Each structure stands twice: as structure tokens, then as C-alpha cells.
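The sequence shown begins at 583 in the working numbering and counts up one residue at a time. For reference, the structure discussed in these notes is given below.
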Amino acid sequence: MKKLNGTGVALVTPFKKNGKIDFNGLEKLVKYVLDHVDYLVALGTTAETTTLKQEEKWDVIKCIQSANYKKLPLILGLGGNNTEDLVNKINSIKNLSDFYAILSVSPYYNNPSQEGIYQHFKSIVNCTETNIILYNVPKRTGSNIIPDTVLRLAFDFENIIGIKEASGNVLQSCRILERKPKNFSVISGDDFITLPIILSGGEGVISVIAQGLPDKISHMISLAKRNDVKKAFSIFYNIIKIIDLIYEEGNPTGIKTFLSVIGICNPYVRLPLLVGTPSLRKRMLHSLNEIN
């Protein structure tokens, strides 16, 4: 199975001021990143998926597919904390073959044991032949998928092809990389520690900032993959203030504010999130002028 190399983008869902989806903004965003990145991730955390109605979700998918022109692989975010319900959702999707893989977050809120996490993903694997990418983001889910559980899943199921590791713990990624199957991808889910994970053997990143700075991030990742460490870090240090700012008021509030600053789409989010403050916007504009 081909690995997911390079730069993936966790796309936002642009909204209008009235809260409706801004499909023109979404199309503009996809076309903005298309020539720079390696694959697209739809309906992940950054897309505010939990606030979208089911019909809206499929409208978002159709818009992304249309703008993508089948150019890049498309990853579908599809997770939940009700295993039976999630399995039913997967079984109900008739066009899963349109997606390279499902990105499935570890069950949130329930705080399952490691065995519960294993059985959850086993149930998903048993209902589909589609590739599965595990998504570990403890600060959102309330539980961590430890390396032993990741490796158990990786060795037991061929169509679990990788993990988006967003624990913020580089050592945890290293412990997976040390013992993983050959065709299992470790993908950074944290823009701050992407370079250490790649230099430790990781395949790349599913990035938030890459939709705002697709050329810079893709170049940085490419340099890291070629082990050109000094040049890769020179790009990172040049944009680190922007990365700080996009997470300062939460995700996707920050990245939507930045996308608004560069003229891609509106900054609007849905409650319980709030739009970025004028101060954040001003500082982003200042930092952008500095790096340019």
C-alpha cells in the first residue's frame, strides 16, 4: 500500500456571516492549495464537523471533489464515540471508493480503556475495506492511544495504514516509528512538531497552517524529507510566529482569521466558537508582512 507522503491539509469549512456554508470560499481555498500540497482532508476537526448537519457534510464533500478535479487524494474525516452508530454510518456511504482513506478519531468523552479503543477500531475495520488512518488527539478526546495499542492495530489489520499523531509527544511518535510495520505511516498532526517527527522517520503532516501557507509548508516538508535540516528549520523559524497566532484563540478560529487576512475566505465560525479578535487579525497581518 502506497504511503501518504508529504503535506496534507485539514481543510476548514468557510461560513458566511449568516452562518451558511460559503461554497465559493471553499472552492477558492481548495484551488489555492491544489498545486502545492499532496492530499486533502475533508470534515476533520478543523472543518467544524460537529456543527454541520449531515446534508451540509455531503454538500461540503461535493464542493471539495468538484474543485479538486480528482487531482489529489481525498481523506474523509469520519469518527465518533458511539461505535455502533459509526459502523452504521460507514455502511451507509455508497461512494467510499472515492476516498483514499478514512481519518477516524479515537472515541472522545467516553474515555475508553486501551482495549476499548482497540475493539472500537476493530469494529470499524470489520465493516469496510477502505483504508483507515487512526487519529490520536488526546487534548480533544480525553484519552491517549498509547504506542502499544497503535502497534497492535497496525500489525493486526492491513487496512489500518497510518496514524495522525497529535499527542504533542515526539517520544510517543518515535516509539511507534521504532517498531511499526513497513507500510504503516506516522503522520504529524501538530504543526509545531512536524519537523522532529519527519526527521525521526515520519511520512509528513496533516496540517492546519498549510492551507494558509501551502507553498512554504510544502517546501519545508520536502526539505525535511530530503534531510536538509538547516533549510527546513529556517522556514519553520520564519513562520513560527504565524503558527503561534493561529492557535492562540483556538482552532479553527485562528486559521480562519488568517485565511481572511490573505483574502481566501471569511473568518466566521459557528458557536460555541467565536470569530477571531481584531487584535489577532492585526498581529497576523504584521507577522505576515514580516515573513514576506
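Cβ coordinates follow ideal geometry from the N, Cα and C atoms, glycine included. In this text the structure is predicted, and so the values were computed from the model without any measurement.
> How is N874 classed by DSSP in three states: helix, strand or coil?
Replying inline: N874: coil per DSSP, three-state reduction.
> What did DSSP end up calling Y700 once you bin it into helix, strand or coil?
Replying inline: In the displayed model, Y700 falls within a helix according to three-state DSSP.
> Where does Y717 fall in DSSP's three states?
Replying inline: DSSP places Y717 in strand when its eight states are reduced to three.
>> Assuming R852 and G607 are in contact, meaning their beta carbons sit under 8 Å apart, how far apart are those beta carbons, in whole angstroms?
In response: Their Cβ separation, rounded to whole angstroms, is 14 Å, which puts R852 and G607 out of contact at 8 Å.
> CB V594 to CB I788, shorter than 9 Å?
Replying inline: At a Cβ-Cβ threshold of 9 Å, V594 and I788 do not count as neighbours.
> In chain order, which continuous runs of the alpha helix (DSSP H) of length 4 or greater are located wholly inside the region 780-856?
Replying inline: Taken in chain order, the whole alpha helix (DSSP H) runs of length 4 or more contained in the region 780-856 are 796-807, 811-830 and 835-843.
>> Is the separation between the beta-carbon of T589 and that of A814 shorter than 9 Å?
In response: Not closer than 9 Å, so no.
> In this structure, what does DSSP give as the bridge partners for G607?
Replying inline: According to DSSP, G607 bridges with nothing at all.
>> Considering only their Cβ atoms, is the gap separating V719 from T628 smaller than 9 Å?
In response: The answer is no: Cβ separation not under 9 Å.
> Shortest alpha-carbon distance to E785 belongs to which of L856, S800, F597 and P689?
Replying inline: Ranking L856, S800, F597 and P689 by Cα distance to E785 puts S800 first.
>> Tell me which residues share the same chain as L876 and place their Cβ nearer than 6 Å to its Cβ, disregarding the 5 neighbours each side in the sequence.
In response: Outside the displayed span of the chain (583 to 874) sits residue 876, for which this structure offers no information.
>> Please state the DSSP three-state secondary structure of Y621.
In response: Under the three-state reduction of DSSP output, Y621 falls in the strand class.
>> So, does the region 653-668 touch the region 768-787, judging by three or more C-beta pairs under 8 Å?
In response: Result no; under three Cβ-Cβ pairs closer than 8 Å.
>> Please report the distance separating the alpha-carbon of E637 from that of I769.
In response: Their backbone Cα atoms lie some 30 Å apart in a straight line.
>> For a test of your reading of the model: does the CB of N765 fall under 8 Å from any non-hydrogen atom of the ligand FMN? Yes or no.
In response: Inclusion of the ligand FMN in the displayed structure is not the case, the ligand content being empty and no account of it being possible.
> Taking the alpha carbon of I672 as the point to measure from, which residue in S705, L654 and E740 has its own alpha carbon closest?
Replying inline: Nearest in C-alpha terms to I672, of all of S705, L654 and E740, is S705.
> From K610 to H618, what distance separates their C-alpha atoms?
Replying inline: Rounded to whole angstroms, K610 to H618 spans 14 Å at the Cα level.
> Near L654, which residues of its chain fall below 8 Å by C-beta distance, leaving aside the five closest residues on each side in sequence?
Replying inline: Excluding positions up to five away in sequence, the list reads L616, V619, D620, Y621 and L622.
> When the Cα of L678 is compared with those of G771, W640 and P729, which residue comes out closest?
Replying inline: Of the residues G771, W640 and P729, the one whose Cα lies closest to the Cα of L678 is W640.
> To which residues does DSSP link S755 through a beta bridge?
Replying inline: Answer is none; S755 lacks a bridge partner.
> With a CB to CB cut of under 8 Å and the five nearest residues on each side skipped, what residues in its chain are close to I646?
Replying inline: So the qualifying residues of the chain are L593, L608, V612, L622, A624 and L656.
>> For I603, would you say it is in contact with chain C, using Cβ-to-Cβ distances shorter than 9 Å as the test?
In response: Included in the structure is just one protein chain, with no chain C present.
> For F737, which of helix, strand or coil comes out of DSSP?
Replying inline: Reduced to three states, the DSSP call for F737 is helix.
> Would DSSP call I684 helix, strand or coil?
Replying inline: Under the three-state reduction of DSSP, I684 is assigned to strand.
> Within this structure, are the beta carbons of S688 and L716 separated by less than 9 Å?
Replying inline: Yes.
> With which residues is T589 paired in a DSSP beta bridge?
Replying inline: V787.
> With 16 other CB atoms within 10 Å as the buried threshold, where does N754 fall?
Replying inline: Rather than Asn, the amino acid found at residue 754 in this sequence is Gln. So Q754 ends up on the buried side.
> For M802, which residues of its own chain have a beta-carbon under 7 Å away from its beta-carbon, when the five flanking residues on both sides are left out?
Replying inline: Excluding positions up to five away in sequence, the list reads A814, I817 and F818.
> For E747, which beta-bridge partners are listed by DSSP?
Replying inline: DSSP lists N718 and S770 as the beta-bridge partner residues of E747.
> What do you get for N650, buried or exposed, if any count of 16 or more other CB atoms within 10 angstroms of its CB means buried?
Replying inline: Buried, because 16 or more other Cβ atoms sit within 10 Å of the Cβ of N650.
>> If I measure Cβ to Cβ from K864 and keep anything under 7 Å in the same chain, skipping five residues before and after, which residues do I get?
In response: Apart from the 5 residues on each side of it in sequence, K864 has no Cβ closer than 7 Å to any other Cβ in its chain.
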